[in-house]
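Report on the structure given below.
Residue numbers (our numbering), protein chains in the order written: chain A, 1 to 356; chain B, 357 to 656.
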């Protein structure tokens, strides 16, 4: 249990930049998730923390010590691999005991600590089995026990749930979160699954193209996305491109004029969360109210998505909770869409700015 | 009821039919190989064994008999025994050298992520494109008293007399090692490639240094592959022919050339057959023993 500090950590492979000056402080007992699409540099960052990849620049500090130049076996980091990487020739107990033996823990102390770790992941009684005799979920828990038993300064999880089936994943992510809180262990997890990230993290780091786009809590990322990428990657957003013509006035590519909060004049993008939009009578009295035509209605169970065309170039998705008394519009209906000016987040349109 | 029942029985009939068809197709595919192995391998071995129990009478070639005197001759004659032990010794030494030399190369190749990987593997295989005899001839030009090596060393003033390498056991060991090395490298490489790299990293993250990782994780996991590579190399050496003849010379007799001489030069088929059987049995027994040892080690 300790602090982890990354300072301007970079990794170049030849001329390609895998990780670009990532700086991050992970507090004692904090659970931080690195989230991003594949190839965004999140796994390389994790592997630099573990010591498997030597950074091209920057430092890694663990428990106050600069470990940048230390090989993995001299860092006190417990890692759970995507493939679990259990030693196939050793029993569950021997797998878990491995790290303790490497640390020259007295023999008499090893057995009780292994038993305790296995009990913690609810695998007591399976110690004699070989990894191949276990289910995927059980193997995953052995990997977790093996990483925790050494009492690491930091626990590193590399897409630990991606090989489990969907149902099991839901329970395991809660279990890992509970275990992490109970042991108060500093944890960094890598995932591309935003739902998983939102459920497990204290704080999230959204990465793309090797760089950190935004660091914050779930609420920060969802309510105040730093840029267009984060708005699109975390949760869903309606993105309307156009330009801010005057403070508080945005004109869409389709020629609609919309009231918005803030934004500097120039090419811009507006992000709107589908559930912040109202339609029909509910749209009355809101800052923005646009007439439109229903194009697609998707029934998703807990909610219903309604795709509404508001101009030749602009279409928005409205997500409406599925209530017993709710009226569901049909395709082709004329309907109003509305939202408060404060519901929209405005970004400068980097793509348009660079191409212009 | 009857319509659906009929339909059901028809589909099950069709399924059974197609299963039967698949079975006969499988038999047709396995058949040729089975017949080839039986006629081309098993039958000659049985005939050879029968010959080894016959008598050789000079002038009368082979006389039908049921005697073990050919085997007794082999195991009592110092010349033949020396050839037998020499063959075992060379095979053991070559196998150890091959494994030690092949491992680092195989490991590097297996863990390589470069786009040149396939090219490098091709380079390892390349020597196999040249026949054993041609390669042995190459070694002769290198090792001979007036060969490249001796001439160079003399020119450098490092030696005054040529070093005698040709027609020694070491010439044969070097020659066979060169022949076998690609096979061993490829065997080990495919085994190491089958071991998840993350397993090595897991050992590192748990505090094992590279040496401990290799001893506790890589070695036990690669052991069956090492055994396969070693057995392969051992069998190839036991049965080597061209290399010992060309690099060992007439005085350096190994089992392969000995079989040839008995059959083709001395026309003593019964004794040649007995020598073949000793060679084959020794190879099989040692291979089986190695297998059992590895398996026991693996379970324990």
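No residue lacks a Cβ here, since even glycine has one placed at the ideal position from N, Cα and C.
What you are looking at is a predicted structure, and each value in this text was computed from that prediction instead of being measured.
Determine the extent of the beta strand (DSSP E) in which residue i is found, giving its start and end residues.
i: residue 295(A); result: 288-299
i: residue 267(A); result: 266-272
i: residue 339(A); result: 334-339
i: residue 561(B); result: Residue 561(B) -> not in any beta strand (DSSP E); alpha helix (DSSP H) instead, spanning 553-561.
i: residue 321(A); result: 315-321
i: residue 5(A); result: 4-13
i: residue 347(A); result: 345-348
i: residue 251(A); result: 249-252
i: residue 304(A); result: 303-309
i: residue 20(A); result: 16-26
i: residue 513(B); result: Element bounds for residue 513(B): n/a, residue is neither H nor E.
i: residue 136(A); result: Note, residue 136(A): premise wrong, no beta strand (DSSP E); alpha helix (DSSP H) at 136-148.
i: residue 418(B); result: 417-419
Might you give, ordered along the chain, the residues of its own chain that have their beta carbon closer than 6 Å to the beta carbon of residue i, omitting 5 neighbours on each side?
i: residue 218(A); result: 198
i: residue 215(A); result: 205
i: residue 131(A); result: 86, 88, 139
i: residue 279(A); result: 318, 335, 337
i: residue 187(A); result: 31, 155, 180
i: residue 287(A); result: 259, 340, 341
i: residue 211(A); result: 20
i: residue 321(A); result: 303
Among residues of its own chain, excluding the 5 on either side of residue i, which ones have a beta-carbon nearer than 8 Å to its beta-carbon?
i: residue 541(B); result: 458, 461, 462, 465, 480
i: residue 622(B); result: 628
i: residue 523(B); result: 603, 604, 605, 607, 608
i: residue 356(A); result: Low local confidence applies: a pLDDT of 37 at residue 356(A) is under 50, so the model's placement there is unreliable, with the coordinate-based value given in what follows. Counting only Cβ-Cβ distances below 8 Å, and skipping sequence neighbours, we find 267.
i: residue 310(A); result: 254, 256, 290, 291, 292, 316, 337
i: residue 434(B); result: none
I'd like to confirm the pairing. Which residues does DSSP put opposite residue i in its beta bridges?
i: residue 409(B); result: Paired residue(s): none; residue 409(B) is not in a bridge.
i: residue 207(A); result: 212(A)
i: residue 603(B); result: Residue 603(B) is not bridged to any residue.
i: residue 258(A); result: 250(A)
i: residue 187(A); result: 31(A), 155(A)
i: residue 240(A); result: 270(A)
i: residue 80(A); result: 157(A)
i: residue 65(A); result: 62(A)
i: residue 278(A); result: 338(A)
For the alpha helix (DSSP H) containing residue i, list its first residue and its last residue.
i: residue 546(B); result: 525-549
i: residue 594(B); result: 575-594
i: residue 221(A); result: 218-223
i: residue 569(B); result: 566-569
i: residue 32(A); result: It is not in any alpha helix (DSSP H) - residue 32(A) instead sits in the beta strand (DSSP E) that spans 31-35.
i: residue 58(A); result: Residue 58(A) -> not in any alpha helix (DSSP H); beta strand (DSSP E) instead, spanning 57-62.
i: residue 436(B); result: 434-466
i: residue 618(B); result: Neither: residue 618(B) is in no alpha helix (DSSP H) and is coded neither H nor E.
i: residue 475(B); result: 473-481
i: residue 120(A); result: 107-120
i: residue 490(B); result: 488-499
To the nearest whole angstrom, what separates the beta carbons of residue i and residue j, a pair I think is in contact under 8 Å?
i: residue 239(A); j: residue 343(A); result: Residue 239(A) to residue 343(A), Cβ: 14 Å. No contact.
i: residue 45(A); j: residue 19(A); result: 5 Å
i: residue 145(A); j: residue 79(A); result: The pair is not a contact, with the Cβ atoms about 13 Å apart (cut-off 8 Å).
i: residue 348(A); j: residue 264(A); result: 6 Å
i: residue 653(B); j: residue 579(B); result: 7 Å
i: residue 34(A); j: residue 194(A); result: That pair is no contact at about 12 Å.
i: residue 75(A); j: residue 51(A); result: 5 Å
Excluding the 5 residues flanking residue i on each side, which residues of the same chain have their C-beta closer than 7 Å to its C-beta?
i: residue 354(A); result: Only weak support exists for where residue 354(A) lies, its pLDDT of 47 falling under 50; the value from the coordinates is given anyway. So the list is empty, once near-sequence residues are dropped.
i: residue 220(A); result: none
i: residue 276(A); result: 339, 343
i: residue 222(A); result: 234, 235
i: residue 161(A); result: 169, 172, 173, 196
i: residue 285(A); result: none
i: residue 443(B); result: 594, 610, 611
i: residue 328(A); result: 297, 304
i: residue 601(B); result: 613
For the ligand NAP, is there a heavy atom less than 8 Å away from the beta-carbon of residue i?
i: residue 88(A); result: As presented, the structure is devoid of all ligands, the ligand NAP included, so that no description of it is given.
Cβ contact check for the segment 20-30 of chain A and the segment 4-11 of chain A: 3 or more pairs under 8 Å: Yes, the segment 20-30 of chain A touches the segment 4-11 of chain A.
Specify whether the segment 405-417 of chain B and the segment 484-504 of chain B touch according to this definition: at least 3 beta carbon pairs, one from each stretch, less than 8 Å apart. Segments in contact, no.
With three or more beta-carbon pairs closer than 8 Å as the criterion, would you say the segment 304-316 of chain A touches the segment 246-261 of chain A? At 8 Å Cβ cutoff, the stretches touch.
Touching by the beta-carbon criterion (3+ pairs, under 8 Å), the segment 422-437 of chain B and the segment 588-606 of chain B: Counting Cβ pairs under 8 Å, fewer than three are found: no touch.
Check whether the segment 94-103 of chain A touches the segment 172-187 of chain A, counting contact only when three or more Cβ pairs, one atom from each stretch, lie closer than 8 Å. In the pairwise beta carbon analysis, the segment 94-103 of chain A is classified as not touching the segment 172-187 of chain A: fewer than three pairs are separated by under 8 Å.
Is there contact here, the segment 112-122 of chain A with the segment 144-162 of chain A, by at least three beta-carbon pairs under 8 Å? Counting C-beta pairs closer than 8 Å gives three or more between the segment 112-122 of chain A and the segment 144-162 of chain A, which meets the contact rule.
With contact counted as at least three CB pairs below 8 Å, one residue from each stretch, are the segment 578-594 of chain B and the segment 449-458 of chain B in contact? These segments touch.
Three-pair Cβ contact test at 8 Å for the segment 154-165 of chain A versus the segment 117-132 of chain A: The segment 154-165 of chain A vs the segment 117-132 of chain A: no contact.
Taking 8 Å as the threshold, find out whether the segment 550-569 of chain B comes into contact with the segment 397-407 of chain B through three or more Cβ pairs. The segment 550-569 of chain B is not in contact with the segment 397-407 of chain B.
Tell me, please, whether the segment 509-519 of chain B touches the segment 576-586 of chain B by the rule of three or more beta-carbon pairs shorter than 8 Å. At 8 Å Cβ cutoff, the stretches do not touch.
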